[in-house]
Amino acid sequence: MSPIALTSSTTSPPGVPAKKSQIAAANLDNSLVLDGTQTPYSTTSTAVSEYDGKGSDPGDYFGTLLASSAPVPSTKPGATVYGSAIDVLEAFAVKHSKSTFVYDDAVELGFGRRLASWDESSVFPVQAREGAGLELAGYAAKSAGKVSVFATTSTRLDLASIRGDVVVHLATTAASESLELVDSLFAPGVIKSLTSLPDDWEVVFSSADEIVPNAAKLYAGEGKVVHVVESTFAGREVAKYTFPSVEAGDIGFTLSSDDNSDDKDVSVVPSGHARVSGAVLRLNTLTPQPEALAAALAGKTVSVVGGTKTDADALKAVILSTIYSAPTSSHAVLPTVKSVLLDAAQATHSGKTVSFYTAQSPLPELLAHIFLSSPSINTRLAQFGSVSTRGVKSVLALAQGDAAPLTPNHRSDVAWVSDANVLKSTDVLGSLVDGGILVLNLPWTEEELPVKLTRSEIASIKSRNIRVFLLDLSPSPLNPIRETVAFMLLYTGTAKLGAGVRRVLDAFYSNNLGRDEIEDAQAGLIEADPSTWTVPELEEGKVEKLKSAWEWDAILGVSIHLDEDTQPQLGASDLAARHLLFREAYAADADVSALRPSTPDETFLVTVTENRRLTPATYDRNVFHLELETAGTGLKYEIGEAIGIHGWNDADEVYEFCSWYGVEPDALVSFPNPLKAGTMETRTVFQLLQQNIDLFGRPGKAFYAALAKLATSKSDAMTLKFISAPEGAELFKRLAELETVTFADVLRRFKTARPSIEELVGLVPEIKPRHYSIASSQKAVGDKVELLIVTVDWINSKGSPRFGQCTRYLAALAPGAKVTVSIKPSVMKLPPDNRQPIIMAGLGTGAAPFRAFMQHRAWQRSQGIEVGPLVYYFGSRYRSQEYLYGEDIEAYVASGIISHAGLAFSRDGKDKVYIQHKMKQDKKMLADMLRGHGKDAAYFYLCGPTWPVPDVYEALVGSLVEEAGFERKRAEEYIEELKEEERYVLEVY
Numbered sequence: 004m005s006p007i008a009l010t011s012s013t014t015s016p017p018g019v020p021a022k023k024s025q026i027a028a029a030n031l032d033n034s035l036v037l038d039g040t041q042t043p044y045s046t047t048s049t050a051v052s053e054y055d056g057k058g059s060d061p062g063d064y065f066g067t068l069l070a071s072s073a074p075v076p077s078t079k080p081g082a083t084v085y086g087s088a089i090d091v092l093e094a095f096a097v098k099h100s101k102s103t104f105v106y107d108d109a110v111e112l113g114f115g116r117r118l119a120s121w122d123e124s125s126v127f128p129v130q131a132r133e134g135a136g137l138e139l140a141g142y143a144a145k146s147a148g149k150v151s152v153f154a155t156t157s158t159r160l161d162l163a164s165i166r167g168d169v170v171v172h173l174a175t176t177a178a179s180e181s182l183e184l185v186d187s188l189f190a191p192g193v194i195k196s197l198t199s200l201p202d203d204w205e206v207v208f209s210s211a212d213e214i215v216p217n218a219a220k221l222y223a224g225e226g227k228v229v230h231v232v233e234s235t236f237a238g239r240e241v242a243k244y245t246f247p248s249v250e251a252g253d254i255g256f257t258l259s260s261d262d263n264s265d266d267k268d269v270s271v272v273p274s275g276h277a278r279v280s281g282a283v284l285r286l287n288t289l290t291p292q293p294e295a296l297a298a299a300l301a302g303k304t305v306s307v308v309g310g311t312k313t314d315a316d317a318l319k320a321v322i323l324s325t326i327y328s329a330p331t332s333s334h335a336v337l338p339t340v341k342s343v344l345l346d347a348a349q350a351t352h353s354g355k356t357v358s359f360y361t362a363q364s365p366l367p368e369l370l371a372h373i374f375l376s377s378p379s380i381n382t383r384l385a386q387f388g389s390v391s392t393r394g395v396k397s398v399l400a401l402a403q404g405d406a407a408p409l410t411p412n413h414r415s416d417v418a419w420v421s422d423a424n425v426l427k428s429t430d431v432l433g434s435l436v437d438g439g440i441l442v443l444n445l446p447w448t449e450e451e452l453p454v455k456l457t458r459s460e461i462a463s464i465k466s467r468n469i470r471v472f473l474l475d476l477s478p479s480p481l482n483p484i485r486e487t488v489a490f491m492l493l494y495t496g497t498a499k500l501g502a503g504v505r506r507v508l509d510a511f512y513s514n515n516l517g518r519d520e521i522e523d524a525q526a527g528l529i530e531a532d533p534s535t536w537t538v539p540e541l542e543e544g545k546v547e548k549l550k551s552a553w554e555w556d557a558i559l560g561v562s563i564h565l566d567e568d569t570q571p572q573l574g575a576s577d578l579a580a581r582h583l584l585f586r587e588a589y590a591a592d593a594d595v596s597a598l599r600p601s602t603p604d605e606t607f608l609v610t611v612t613e614n615r616r617l618t619p620a621t622y623d624r625n626v627f628h629l630e631l632e633t634a635g636t637g638l639k640y641e642i643g644e645a646i647g648i649h650g651w652n653d654a655d656e657v658y659e660f661c662s663w664y665g666v667e668p669d670a671l672v673s674f675p676n677p678l679k680a681g682t683m684e685t686r687t688v689f690q691l692l693q694q695n696i697d698l699f700g701r702p703g704k705a706f707y708a709a710l711a712k713l714a715t716s717k718s719d720a721m722t723l724k725f726i727s728a729p730e731g732a733e734l735f736k737r738l739a740e741l742e743t744v745t746f747a748d749v750l751r752r753f754k755t756a757r758p759s760i761e762e763l764v765g766l767v768p769e770i771k772p773r774h775y776s777i778a779s780s781q782k783a784v785g786d787k788v789e790l791l792i793v794t795v796d797w798i799n800s801k802g803s804p805r806f807g808q809c810t811r812y813l814a815a816l817a818p819g820a821k822v823t824v825s826i827k828p829s830v831m832k833l834p835p836d837n838r839q840p841i842i843m844a845g846l847g848t849g850a851a852p853f854r855a856f857m858q859h860r861a862w863q864r865s866q867g868i869e870v871g872p873l874v875y876y877f878g879s880r881y882r883s884q885e886y887l888y889g890e891d892i893e894a895y896v897a898s899g900i901i902s903h904a905g906l907a908f909s910r911d912g913k914d915k916v917y918i919q920h921k922m923k924q925d926k927k928m929l930a931d932m933l934r935g936h937g938k939d940a941a942y943f944y945l946c947g948p949t950w951p952v953p954d955v956y957e958a959l960v961g962s963l964v965e966e967a968g969f970e971r972k973r974a975e976e977y978i979e980e981l982k983e984e985e986r987y988v989l990e991v992y
């Protein structure tokens with residue numbers, strides 16, 4: 004199949020160039036000239052490398068090409084540079100400072116990381132520990148020049164002891180309890196601490212485009228300044244900047260509003276990542292001009308925003324003090340000022356966004372540099388590393404005008420995947436818009452695609468009209484050039500590279516764009532046809548592995564390691580006593596028997612009151628009903644929410660492992676407390692392996708790589724290293740998917756790779772809670788949670804039995820057993836009007852949330868509340884075996900709570916009947932309900948496996964076409980409108 008243009012249309016015939024893509028149209032219309040009349044690069048451009056294509060290491064060429072336009076201390080004022088605002092700030096600070104101090108916790112977050120490579124004689128590393136900053140205080144007091152400091156909001160700084168001309172740059176980036184990187188400005192206590200600094204310190208806040216100009220002003224004056232820098236999102240984005248010169252000027256605030264804001268209501272917030280709707284006054288300093296601030300807020304209702312009530316009140320006090328110090332305050336119309344907690348507004352995204360999933364590739368940066376040359380396109384690039392995935396996600400945004408900061412899971416129009424490992428664990432399609440484009444830059448054939456992708460991904464691609472392109476290039480060190488050509492073919496919507504575009508790329512790559520590179524890219528780019536793919540049925544007894552969103556937990560170029568002082572330690576028998584005596588260091592609980600998972604989630608200890616099997620004992624599937632008593636725990640839940648079960652590993656298997664591994668189950672292990680920084684936590688080996696460590700979970704490649712370094716046998720070491728390498732992908736896949744090996748299995752197989760128990764804490768992840776839809780309404784059942792669960796078990800390719808960790812744990816619980824749980828919000832929410840109809844479609848245990856819906860509507864009716872009709876579709880294999888809660892359903896039908904039931908038991912008849920067949924029989928009723936308005940506007944919900952989603956979608960679209968007279972395109976648009984209104988809700992797995 005020949006390459007065709009990148010477009011959101013799904014009707015273009017193969018081999019015929021389609022109309023220009025939305026990306027191309029949006030940006031070419033914004034005056035990006037690619038017709039050869041002008042190019043962004045000239046022969047004298049500093050961004051053009053001197054590489055002639057004949058060197059021994061093309062990788063150095065690409066690195067040199069990118070570095071040639073990066074900001075460095077020697078950059079002249081007024082020069083155009085490509086980099087992040089933080090890159091410019093770092094270069095500017097070193098250029099205008101006599102000495103620069105960089106704290107190691109800032110370096111670990113990528114703040115000040117490059118400084119030492121520029122000037123070792125004037126850049127000094129500082130450890131982020133108590134007392135380490137004394138050298139800084141002493142030096143600043145004696146220095147006759149500007150001193151710069153790079154630290155974080157978590158760094159222990161004794162600012163009261165610092166004298167002299169100092170600028171302290173604080174990064175507002177921190178690692179959360181889950182080790183993901185987050186913005187920390189609104190973390191508890193940060194704003195309050197900033198408002199409590201000594202009076203001789205000025206506090207300045209900078210975000211996005213403010214960082215560079217504010218830095219220019221800070222270095223023009225003298226004094227002591229804390230510069231709070233938004234370093235997590237917008238501050239890291241690669242963009243185009245003019246390198247500044249020192250320039251005096253006032254730093255105050257900005258006042259802006261959206262189109263729907265009320266001029267009388269204003270929110271006041273420090274400039275940073277937080278997005279607040281309505282009229283917003285963003286503070287760039289805690290000491291703005293009183294007269295200007297009083298005039299801006301006169302007569303208005305002012306909401307001062309903070310992360311906590313204490314922080315908001317502290318900032319409110321600053322605002323009031325500033326206003327009342329204005330000379331005109333005695334006769335001015337003063338504002339009404341209140342403090343509120345941060346409730347961030349949903350960011351709006353304009354333009355087009357491309358997400359690249361790579362291992363190590365310069366492509367995203369190369370493309371960013373190409374587009375940064377355009378004066379009419381706001382080009383930004385943000386990169387987010389992941390330890391768990393061992394890759395990088397780069398988000399490239401092309402927009403006209405201002406746009407929201409880029410985040411790790413930013414909605415994208417195009418997903419470009421060049422690392423197959425990413426697809427194994429990451430939900431790439433989750434952040435891709437409907438109708439978006441998936442580019443697989445992988446050595447796959449079109450025939451292999453339906454096999455390489457999971458059934459959920461195939462179903463998503465088909466139901467969401469996602470276009471799929473393959474880019475298969477032969478290995479070459481110059482492939483970034485070929486990939487650039489392929490991207491520009493998609494971008495411009497042409498099957499062949501235009502002359503104007505070719506001249507632009509050839510100038511950028513210093514005349515290294517040859518005919519071979521262009522022809523290889525044009526021949527290697529093909530579009531697949533997902534309409535020919537079939538969504539496979541899930542095999543009986545198997546549960547498809549859920550993939551997660553991208554976890555940003557690593558900074559590019561920064562190694563992550565544990566401090567030696569906080570490594571896990573196997574302790575002596577008196578360690579427990581020390582934990583009780585020295586609670587500050589060990590964070591001991593008053594009730595040491597109340598064991599809990601190491602999780603920041605609010606957890607509750609509940610009691611099992613019933614564990615009842617619903618399917619016959621002779622049936623091959625164990626579906627059971629579980630009831631949990633919550634009285635006295637404070638646990639509350641809403642209709643449709645899910646409960647997280649913090650399950651334990653099987654006790655007998657843990658004891659068996661301890662015996663084989665040669666460790667004493669009652670020995671104590673001390674390790675860093677993930678919930679309280681700077682403290683240690685202690686548990687027995689048995690408790691750790693049963694309740695914390697996912698010993699019987701499935702290992703990733705990183706585990707094999709870590710064991711390879713520990714193996715004492717050369718054979719074991721080589722095999723482990725091979726499995727973890729790209730060349731061992733097939734063997735890794737066989738172990739993970741066919742043999743379904745666990746961490747314990749791998750340790751048993753490679754006996755010479757034996758980490759200590761202390762090391763296992765760092766190598767094996769914690770047991771994650773498994774979430775189950777709650778099958779009850781709290782208003783109907785009181786202090787109780789009811790669950791509908793099916794045990795997960797299977798036989799692997801070696802004939803060994805395997806079990807789902809959490810369902811095995813739950814199935815074995817007897818009445819009286821204690822269980823640790825947490826609550827998770829869900830998309831399954833009841834309509835806002837009790838009279839609105841509800842259409843429910845549940846497959847197997849997907850019936851759980853709908854049982855809660857039924858209970859709730861029945862309770863409402865008992866209270867005299869008018870309720871709308873319920874339509875219930877349910878599917879399973881046999882009515883006699885799996886008609887889950889069948890007696891309840893029949894009673895609800897008889898009482899009128901359920902107005903119509905469509906029951907599909909696929910194995911009972913000669914022909915297989917599924918819920919979509921029942922829905923097609925009811926097409927007139929469904930068409931009428933979906934088109935209802937007001938109290939008659941129906942809500943549709945589907946819960947269960949993903950495989951029926953396309954067929955259910957077709958049944959609904961068909962009902963609108965056949966019974967409502969819609970054209971198919973209009974019917975599909977109507978379903979999309981229902982999605983936007985949250986009237987078409989899917990919870991599938």
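Be aware that the sequence shown starts at 4, since it is given in the numbering used here, and climbs by one per residue. The beta-carbon is built from N, C-alpha and C at its ideal position, and this holds for glycine as well.
Three-state secondary structure (DSSP) of residue 940: Of the three classes helix, strand and coil, the one that applies to residue 940 here is coil, per DSSP.
Cβ pair residue 446, residue 475 closer than 7 Å: Less than 7 Å divides the Cβ of residue 446 from the Cβ of residue 475.
DSSP-derived helix/strand/coil call for residue 662: The answer is helix: DSSP assigns residue 662 an H, G or I state.
Exposed unless 16 or more other CB atoms sit within 10 angstroms - verdict on residue 736: Residue 736 is exposed by the Cβ-count criterion.
Given residue 746 as reference, the closest of 696, 726 and 774 once Cα atoms are compared: With distances taken between Cα atoms, residue 746 lies closest to 696.
C-alpha distance - residue 991 paired with residue 949, whole-angstrom precision: If you take the alpha carbons of residue 991 and residue 949, they lie about 5 Å apart.
For residue 106, the residue or residues it bridges with in DSSP: Under DSSP, the beta-bridge partners assigned to residue 106 are 129.
Span of the alpha helix (DSSP H) around residue 752: Boundaries of the alpha helix (DSSP H) harbouring residue 752: 746–752, taken from the DSSP string.
Expected contact under 8 Å - CB spacing of residue 408 and residue 237 to nearest Å: Between residue 237 and residue 408 the Cβ distance is about 4 Å, and since that is below 8 Å, they are a contact.
The stretch 221–238 / the stretch 65–73 touching (three or more Cβ pairs under 8 Å): The stretch 221–238 makes no contact with the stretch 65–73: fewer than 3 CB pairs, one atom from each, lie closer than 8 Å.
Proximity test, residue 250 beta-carbon vs the ligand FAD heavy atom, cut-off 6 Å: What this structure holds is no ligand at all, so the ligand FAD is not there to describe.
Pair within 7 Å by beta-carbon distance, residue 312 and residue 269: Note that the C-beta distance between residue 312 and residue 269 is not below 7 Å.
Buried or exposed (CB count within 10 angstroms, at least 16 for buried), residue 549: Classification of residue 549: exposed, given that the 10 Å Cβ count is below 16.
Inter-residue spacing [alpha-carbon to alpha-carbon] between residue 767 and residue 500: If you take the alpha carbons of residue 767 and residue 500, they lie about 49 Å apart.
Sub-7 Å separation of residue 437 and residue 355 beta-carbons: Annotated as distal: residue 437 and residue 355, with beta-carbon spacing of 7 Å or more.
Those runs of the alpha helix (DSSP H) which lie wholly inside the stretch 284–353 and span at least 4 residues: Within the stretch 284–353, complete alpha helix (DSSP H) segments of at least 4 residues are found at 293–300 and 312–327, given in chain order.
Whole-angstrom distance between residue 805 and residue 797, CA atom to CA atom: Cα to Cα, residue 797 sits roughly 5 Å from residue 805.
Contact check, residue 117 vs residue 110, beta carbons under 7 Å: It is not a contact, given that the beta carbons lie outside the stated cut-off.
Nearest candidate by alpha-carbon position, reference residue 703, set 553, 726, 881 and 247: Ranking the options by Cα distance to residue 703, first place goes to 726.
Limits of the alpha helix (DSSP H) - the one that residue 810 falls within: Note, residue 810: alpha helix (DSSP H), 808–814.
Residue 953 (DSSP reduced to helix, strand or coil): In the three-state DSSP reduction, residue 953 falls in the helix class (H, G or I).
Whole-number beta carbon distance between residue 127 and residue 218, since they are thought to touch under 8 Å: Taking a contact as a CB-CB distance under 8 Å, the pair residue 218 and residue 127 does not count as one, their CB atoms being some 20 Å apart.
Proximity winner among 172, 184, 638 and 732, relative to residue 426 (alpha-carbon distances): The candidate whose alpha carbon is nearest that of residue 426 is 732.
Proximity to residue 483 [Cα-Cα], best of 464, 368 and 433: The residue with the shortest Cα to Cα distance from residue 483 is 368.
Alpha helix (DSSP H) segment containing residue 977, residue limits: Taken as a continuous stretch (DSSP letters only), the alpha helix (DSSP H) holding residue 977 covers 971–983.
Residues that DSSP places opposite residue 1014 in a beta bridge: The structure shown does not extend to residue 1014, since the chain spans only 4 to 992, so no value can be given for it.
Nonlocal neighbours in the same chain, by C-beta distance under 8 Å from residue 909, ignoring five residues either side: Cβ neighbours of residue 909 within its own chain (closer than 8 Å, five residues either side excluded): 878, 879, 880, 915, 916 and 917.
Range covered by the beta strand (DSSP E) that runs through residue 991: Unbroken beta strand (DSSP E) run through residue 991: 987–991.
Boundaries (first-last residue) of the alpha helix (DSSP H) holding residue 1034: Only positions 4 to 992 of the chain appear in the structure, and residue 1034 is not among them; the question remains open.
Terminal residues of the alpha helix (DSSP H) in which residue 162 lies: Annotation: residue 162 is outside any alpha helix (DSSP H) and is labelled neither H nor E by DSSP.
Residues near residue 470 in its chain [Cβ-Cβ closer than 6 Å; skip 5 each side]: 440, listed in sequence order.
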